[in-house]
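Trainee: Numbering (numbering that gives the first Met the number 0), first residue to last: 0 to 163. Structure in structure tokens, see below.
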Amino acid sequence: MTEFWHTILNILVLLGGALVLGLICERLRQSAILGYLAAGTLLGPNAIGFVSDGEHVQHLAELGVALLLFTIGLEFSWPRLKGLGIAALGGGAAQILGTMAVGLACAKALGLGFNTSLVIGAIVSLSSTACVLRLLIARAEIESVHGRYALGILLMQDIAVVPL
């Protein structure tokens with residue numbers, strides 16, 4: 000099988016697994032995102048190992064990030080976000096710094112070095128924009144006050160990833 004068809008097969012298996020597990024999760028009244036994550040975990044190299052080519056998975060992940068940014072761009076409105084102003088910016092910064100400090104303290108308490116603890120704190124401080132955005136859209140809360148604040152904080156977190 001050529002590399003091209005191997006990549007296509009990997010994509011189809013991942014999408015099929017995500018579809019099946021996503022539907023199962025929705026049937027169980029859980030978020031489909033849980034099924035998508037489970038499919039990626041099960042089919043990836045650390046479990047069943049059906050998709051073992053890291054380079055192809057990396058390309059798929061980059062495509063997913065690009066599509067996520069596109070989706071966020073569709074929901075993004077400068078005037079609305081600007082109206083949130085300091086609350087979203089300050090709330091986002093406070094959430095990142097506070098959660099980072101707690102993560103760092105917990106990692107230090109476990110006996111890890113400062114640099115490792117700092118990285119763990121940074122990882123813990125960031126949430127998944129994809130998950131939260133999808134939940135807000137599914138619940139029709141993206142236009143609510145708390146939905147707009149959540150989007151502002153999520154965008155602040157996404158911007159904070161750059162220096163991290």
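We put the CB at the ideal spot given by N, CA and C, even for glycine. Being a predicted model, the structure only gives us computed values, none of them experimental.
1) Are the region 10-24 and the region 32-39 touching, with three or more C-beta to C-beta distances below 8 angstroms?
2) Any idea if Thr1 is buried or exposed, counting beta-carbon neighbours within 10 angstroms, 16 or more meaning buried?
3) In whole angstroms, what is the alpha-carbon distance linking Ala60 and Ser143?
4) Are the region 92-102 and the region 121-129 in contact at 8 angstroms, needing three or more beta carbon pairs?
5) Find out if the Cβ-Cβ distance for the pair Leu154, Val131 is shorter than 7 angstroms.
6) How close, in whole Å, do the beta carbons of Ile23 and Gly34 come, if the pair is a contact with beta carbons under 8 angstroms?
7) Between Ala106 and the rest of its own chain, which residues show a CB-CB distance below 6 angstroms, the 5 nearest in sequence each way excluded?
8) So Pro119 is in the alpha helix (DSSP H); what residue range does that whole segment cover?
9) Helix, strand or coil: which one does DSSP assign to Ile23?
10) Roughly how many angstroms separate the alpha carbons of Leu8 and Ala149, rounded to a whole number?
11) Which residues in the same chain as Ala31 place their Cβ atom closer than 7 angstroms to its Cβ, once the five residues preceding and following it in sequence are excluded?
12) Grab me the residues of Leu135's own chain with a C-beta within less than 6 angstroms of its C-beta, minus the 5 sequence neighbours each way, in chain order.
13) Would you call Ile85 buried or exposed, if buried means 16 or more other Cβ atoms sit within 10 Å of its Cβ?
Mentor: This is what the structure gives:
1) As far as the Cβ criterion goes, the region 10-24 touches the region 32-39, which means the pair count is three or higher.
2) In the sequence shown, residue 1 corresponds to position 2, counting from 1. Thr1 comes out exposed.
3) For the purposes of this step, residue 60 is taken as the residue at position 61 of the sequence shown. For the purposes of this step, residue 143 is taken as the residue at position 144 of the sequence shown. Cα to Cα, Ala60 sits roughly 30 angstroms from Ser143.
4) For the pair of segments examined, the region 92-102 was found to touch the region 121-129: the number of CB pairs separated by less than 8 angstroms reaches three.
5) On the sequence shown, position 155 is the one that residue 154 refers to. On the sequence shown, position 132 is the one that residue 131 refers to. Cβ atoms of Leu154 and Val131: not closer than 7 angstroms.
6) Here residue 23 is taken as the residue at index 24 of the sequence shown, counted from 1. Here residue 34 is taken as the residue at index 35 of the sequence shown, counted from 1. About 6 angstroms separates the two Cβ atoms, so the contact holds.
7) As a first step, residue 106 must be located in the sequence shown, where it is residue number 107. Excluding its 5 nearest sequence neighbours in each direction, Ala106 has C-beta neighbours in its own chain below 6 angstroms: Ser116, Ile119, listed in chain order.
8) Numbered from its first residue, the sequence shown carries residue 119 at position 120. According to the sequence provided, residue 119 is Ile. The question's Pro does not apply to it. If you look at Ile119, you'll find it in the alpha helix (DSSP H) that goes 113-124.
9) Translated into positions along the sequence shown, residue 23 becomes position 24. Three-state DSSP puts Ile23 in a helix.
10) Walking along the sequence shown from the start, residue 8 turns up at place 9. Walking along the sequence shown from the start, residue 149 turns up at place 150. Cα to Cα, Leu8 sits roughly 37 angstroms from Ala149.
11) Position 32 of the sequence shown, counted from the first residue, corresponds to residue 31. The residues are Gly21, Cys24, Glu25.
12) Taking the sequence shown and counting its residues from 1, one reaches residue 135 at position 136. Ile141, Gly146, listed in sequence order.
13) Taking the first residue of the sequence shown as 1, we reach residue 85 at position 86. A residue is called buried once 16 or more other Cβ atoms fall within 10 Å of its Cβ, and Ile85, having fewer, is exposed.
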